[in-house]
Amino acid sequence: MKQVRVNRLTLTNFKGVKSFSIDMNGSDAFIYGDNATGKTTLFDAFLWLLFDKDSQNKKDFEIKTLQDGVAIPMLDHEVECELLVDNQLIKLGKVYREKYTKTRGSAKEEFSGHETNYFIDGTPLKKTEYSKRIQLLMEEEHFKLLTSPTYFNEQVKWQDRRKILLEVCGDVSEDDIFASNKELQGLKLILRGKTLDDFKATVNSRRKAINEELKRIPIRINEIQKSIPEDEGNLPELRTEVDNLDSEIEDLQAQVGSIKNGNAVLAKKGEVQKVKMEIQNLKRDLESGSKDEVYRLRAKLQEEQSHLQTFKSRKLSAENQQQYKQDQLQRVEKTLIDLRNRWQERNKEVFTHEVACECPSCGQELPEEKVQSAKEKALAQFNARKSTDLGNIQEDGKRGSTEKKKYEDEVARLQKEIDDLSGLIADKEKVIDEIKTELLETENAVKDIYKDSKYLELTDFRENLLGDIADLNERAEDAAGDIGDEIAEKKAKRSELNEEIARYANVGALKKRIQDLMEQEEQLAAEYEKLEHHLFLSEEFTRAKVSIIEDKIAAKFKYARFKLFETQINGGLQEVCETTFEGVPYGSGLNNAAKINIGLDIINTLSEFHGIQAPIFVDNAEAVTQLADTDSQLISLIVSEKDKSLRIETPNLEEAI
């Protein structure tokens, strides 16, 4: 493993540090200083020397020394560093200076820009050659990951963090995942060589298509139902009537021929036949009136029953929505209770502070005013944190109350909708009962043809015609004319019947189409359910993969754990990358000490993976009482109010300024 350590670091006129040099001899170092004394500047200088960036990974930052907010001109800004790379000494140097040139005709040099000079082991180099040599020593992105405990978690995008972790733990084969869960064997057969992503894309595409088709089918059925006549008619009866008319017309035409040939008896028989047909028509009309009313009532009953089913479906949907909103309301109420408990617990916390009364350096007792000042400062910090925490909890409570009000309004609105629909259902059921009663009465009220006065009149007339056949011989030509008129009437009647037959002939085909659509709807619903199961298996596969990957990654780290997937409301998984320690997320709730030690743990693993140990600059190291173990060089930057200038301690040099 390549080992890189800082032997000496020297700053001249860099970010307000006029002159500073630290000898570490490759060992750990503790650098003490009050705020704004230049601790972080050491780390900035080290990274600027290597990669032209500061500790926040910014390329454009102020290097020059300022006086009253203005850069002091004509100063060289220089950083030198001696590195021990596998115990071989390498000296790096970089100088940033202003350029002054004398223009023609002017005796005074004028500022014309800046230049940067680069050196390795005292040899001046161009920027490209210098950068190439640095890259051979250390790859920039890897090195920055290994020099700061916070870089991985605070400056690397979560997508890139995730990629790094997967590279460290290695990939997981599909066979390993199938072997981890026997229930996934069915998915292995279903995939048939497809990748999981392609398979899920295919399933989701088909689900979407089926869902769209299922939405369209009821609309198609409704359109077809609207095109079916309310009175479906009686096609066999209509066709029989047309056939009878054809026969009657043929007979009448034959009678005309007979009359013209002098056959008076045949002509009179034709009239008798006409009366018979009228009797049949009357009989049909009397019966059809009652039957038409029955058909009308049956159609009305079917329509009202359809409306009733629609109301019931809407009520069920509203009840389901209300249950969901009620569940969400309970969830919010539980959250509000938790927030109130948290607020009360935090509000009950009182300030406790033990102040050291002796100087840690000389052992002398500290003045009372310093002890009291330290206590007051700690109290102010405690009160500020407490106020912030209580304020945050109150803000969460306000948002929760707003959300609760929203769900309460939704539940109330849905309850009103349910009550309204219940009333409509009751009214519709009453209407249906009334129609059923009327239908029963209508079916029982069919007229008796043999008691009808018109029917009796026609039958008497027919008998009279039969008695008058003998008289037709004298009125043959008149009878033929009358029969011709009767033929014309029957042809007109036949045309009307044929038009009515054509209108009702397509009803059967339309009903068959409705049945086909209903069967298609059932088939699509079954296929959709099957695809849902396939999607469930895909999600189970992903969950199994998540478990294996997270276990493999966890095995690489001593303290750090990583959440790589997040379960969504719909049960799906979304890729994330969140560092945790003992269940606490890095970005919310983890204290500085834990963040630093988690960062050191990550650096140890990445150092092992990349085969290089780099100097680690631990900023705000005073927050940690015990740093995690590491074989890399540790440079701890510690806030110390008493040190108004930087103070260095190393194992070999107890104290230096």
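Using my numbering, read the sequence shown as starting at 1117 and increasing by one per residue.
The beta carbon of each residue, even a glycine, is placed where N, CA and C say it ideally should be.
Every value quoted in this text rests on a predicted model; they were computed, and no experiment measured them.
Among the options, which residue has its Cα nearest to the Cα of residue i?
{"i": "Asp-1276", "options": "His-1650, Gly-1699, Glu-1691, Phe-1652", "result": "Glu-1691"}
{"i": "Glu-1312", "options": "Glu-1655, Ser-1228, Leu-1354, Glu-1615", "result": "Per the sequence presented here, residue 1312 reads as Leu, with Glu not at that position. When each option's Cα is compared against that of Leu-1312, the closest is Glu-1655."}
{"i": "Glu-1579", "options": "Phe-1725, Lys-1324, Val-1388, Asp-1525", "result": "Val-1388"}
{"i": "Ile-1344", "options": "Val-1623, Asp-1667, Thr-1239, Ile-1665", "result": "Val-1623"}
{"i": "Ile-1777", "options": "Pro-1265, Ile-1712, Thr-1356", "result": "Nothing can be reported for residue 1777, as the shown portion of the chain is limited to 1117 through 1773."}
{"i": "Tyr-1571", "options": "Leu-1241, Met-1393, Asp-1408, Leu-1417", "result": "Met-1393"}
{"i": "His-1258", "options": "Asn-1320, Leu-1166, Lys-1180", "result": "Leu-1166"}
{"i": "Val-1201", "options": "Glu-1682, Glu-1214, Asn-1123, Thr-1504", "result": "Asn-1123"}
{"i": "Ser-1611", "options": "Tyr-1411, Ile-1365, Met-1254, Asn-1327", "result": "Ile-1365"}
{"i": "Glu-1449", "options": "Ser-1756, Lys-1522, Glu-1225", "result": "Lys-1522"}
{"i": "Leu-1424", "options": "Val-1547, Glu-1638, Glu-1698", "result": "Val-1547"}
{"i": "Thr-1696", "options": "Asn-1686, Phe-1681, Leu-1689", "result": "Phe-1681"}
{"i": "Lys-1431", "options": "Gln-1531, Val-1120, Asp-1505", "result": "Gln-1531"}
{"i": "His-1193", "options": "Ile-1179, Gln-1742, Phe-1577", "result": "Ile-1179"}
{"i": "Asn-1614", "options": "Thr-1266, Glu-1694, Asn-1360, Lys-1628", "result": "Asn-1360"}
{"i": "Ala-1625", "options": "Asn-1499, Asp-1401, Ile-1337, Gln-1421", "result": "Ile-1337"}
Just the Cα atoms here: how many angstroms apart are residue i and residue j?
{"i": "Arg-1512", "j": "Lys-1493", "result": "First, the amino acid is wrong: residue 1512 is Asp here, not Arg. So the two alpha carbons sit approximately 29 Å from each other."}
{"i": "Ile-1764", "j": "Ser-1228", "result": "39 Å"}
{"i": "Ile-1669", "j": "Gln-1271", "result": "21 Å"}
{"i": "Leu-1300", "j": "Phe-1652", "result": "10 Å"}
{"i": "Lys-1609", "j": "Gln-1341", "result": "29 Å"}
{"i": "Ser-1752", "j": "Glu-1481", "result": "28 Å"}
{"i": "Val-1195", "j": "Lys-1758", "result": "27 Å"}
{"i": "Gly-1516", "j": "Gly-1286", "result": "42 Å"}
{"i": "Gly-1600", "j": "Gly-1386", "result": "11 Å"}
{"i": "Leu-1281", "j": "Ile-1630", "result": "57 Å"}
{"i": "Ile-1713", "j": "Gln-1749", "result": "Looking at the sequence itself, residue 1713 is Asn, so the reference to Ile does not match. So the alpha carbons of these two residues sit roughly 15 Å apart."}
{"i": "Glu-1290", "j": "Ile-1665", "result": "12 Å"}
{"i": "Ile-1773", "j": "Glu-1738", "result": "Low per-residue confidence applies at Ile-1773: pLDDT is 41, beneath 50, and the placement is therefore not dependable enough to give any value."}
{"i": "Gly-1727", "j": "Lys-1118", "result": "6 Å"}
{"i": "Glu-1550", "j": "Leu-1556", "result": "10 Å"}
{"i": "Glu-1255", "j": "Ala-1730", "result": "11 Å"}
{"i": "Glu-1771", "j": "Ile-1293", "result": "Unreliable placement is indicated for Glu-1771, whose pLDDT of 46 sits below 50; no coordinate value is reported for it."}
{"i": "Pro-1483", "j": "Leu-1455", "result": "43 Å"}
{"i": "Val-1734", "j": "Asp-1443", "result": "48 Å"}
{"i": "Asp-1536", "j": "Thr-1518", "result": "27 Å"}
{"i": "Ile-1147", "j": "Leu-1208", "result": "22 Å"}
{"i": "Thr-1128", "j": "Arg-1213", "result": "12 Å"}
{"i": "Leu-1368", "j": "Glu-1409", "result": "35 Å"}
{"i": "Ile-1534", "j": "Asn-1173", "result": "60 Å"}
{"i": "Leu-1307", "j": "Lys-1324", "result": "19 Å"}
{"i": "Thr-1746", "j": "Asp-1314", "result": "44 Å"}
{"i": "Lys-1215", "j": "Thr-1766", "result": "39 Å"}
{"i": "Val-1358", "j": "Thr-1426", "result": "42 Å"}
{"i": "Lys-1679", "j": "Lys-1520", "result": "30 Å"}
{"i": "Asn-1686", "j": "Ala-1434", "result": "20 Å"}
Based on DSSP bridge pairs, tell me the residues matched to residue i.
{"i": "Tyr-1777", "result": "Residue numbering for the chain in the displayed model covers 1117 to 1773; residue 1777 lies beyond these limits and cannot be assessed."}
{"i": "Ile-1732", "result": "Leu-1750"}
{"i": "Lys-1118", "result": "Ile-1728"}
{"i": "Arg-1124", "result": "Asp-1139, Glu-1198"}
{"i": "Leu-1613", "result": "Leu-1613 pairs with nothing; no bridge assigned."}
{"i": "Ala-1187", "result": "Leu-1182"}
{"i": "Val-1133", "result": "Phe-1130"}
{"i": "His-1469", "result": "For His-1469, which the question treats as bridged, DSSP gives no partner whatsoever."}
{"i": "His-1193", "result": "Tyr-1212"}
Quick one: is the Cβ of residue i within less than 7 Å of any heavy atom of the ligand FMN?
{"i": "Leu-1252", "result": "Looking at this structure, you won't find the ligand FMN or any other ligand, since it has none at all."}
Using a Cβ-Cβ distance under 8 Å, would residue i count as near chain C?
{"i": "Phe-1657", "result": "Checking the listed chains, one finds no chain C in this structure; it contains a single protein chain."}
Output the residue ranges of the beta strand (DSSP E) runs that lie fully inside the segment 1204-1258 and measure 3 residues or longer, sorted by chain position. Counting only runs of 3 or more, we get 1204-1218, 1225-1236, 1239-1241.
Only counting runs of 4 or more residues, tell me where the alpha helix (DSSP H) segments fall wholly within the segment 1543-1573, in order along the chain. Listed in chain order, nothing qualifies, since the segment 1543-1573 has no complete alpha helix (DSSP H) run of 4 or more residues.
Would you say the segment 1213-1223 touches the segment 1141-1158, given that touching needs at least three Cβ pairs under 8 Å? With a cut-off of 8 Å, the segment 1141-1158 and the segment 1213-1223 do not count as touching, because too few Cβ pairs lie within range.
Contiguous alpha helix (DSSP H) assignments of at least 4 residues, all confined to the segment 1650-1711: The qualifying runs do not exist here; there are none.
Three or more beta-carbon pairs under 8 Å between the segment 1136-1146 and the segment 1706-1714, yes or no? These segments do not touch.
Quick one: any contact between the segment 1238-1251 and the segment 1632-1648, if contact means 3 or more CB pairs under 8 Å? Two segments are said to touch when three or more pairs of C-beta atoms, one from each, lie closer than 8 Å; by this definition the segment 1238-1251 does not touch the segment 1632-1648.
Across the segment 1410-1418 and the segment 1501-1510, are there enough close Cβ pairs to call them in contact, namely three or more that are closer than 8 Å? With a cut-off of 8 Å, the segment 1501-1510 and the segment 1410-1418 do not count as touching, because too few Cβ pairs lie within range.
I'd like to know if the segment 1512-1531 and the segment 1435-1451 are in contact, where contact means that at least 3 CB-CB pairs between them fall below 8 Å. With a cut-off of 8 Å on Cβ pairs, the segment 1512-1531 is in contact with the segment 1435-1451, counting three or more such pairs.
Are there three or more Cβ pairs, one per stretch, closer than 8 Å when the segment 1534-1546 is compared with the segment 1461-1471? Per the Cβ contact rule, the segment 1534-1546 is not in contact with the segment 1461-1471 (fewer than 3 Cβ pairs under 8 Å).
With three or more beta-carbon pairs closer than 8 Å as the criterion, would you say the segment 1260-1269 touches the segment 1717-1726? Per the Cβ contact rule, the segment 1260-1269 is in contact with the segment 1717-1726 (3 or more Cβ pairs under 8 Å).
Suppose only complete runs of 3+ residues qualify. What are the beta strand (DSSP E) ranges in the segment 1412-1437, listed by chain order? Entirely contained in the segment 1412-1437, not one beta strand (DSSP E) run reaches 3 residues.
For the pair the segment 1669-1682 and the segment 1325-1340, tell me if three or more CB-CB distances fall below 8 Å. With a cut-off of 8 Å, the segment 1325-1340 and the segment 1669-1682 do not count as touching, because too few Cβ pairs lie within range.
Going along the chain, which unbroken runs of the alpha helix (DSSP H) with 4 or more residues stay wholly within the segment 1248-1336? You should have 1256-1263, 1267-1270, 1274-1285, 1290-1296, 1301-1307.
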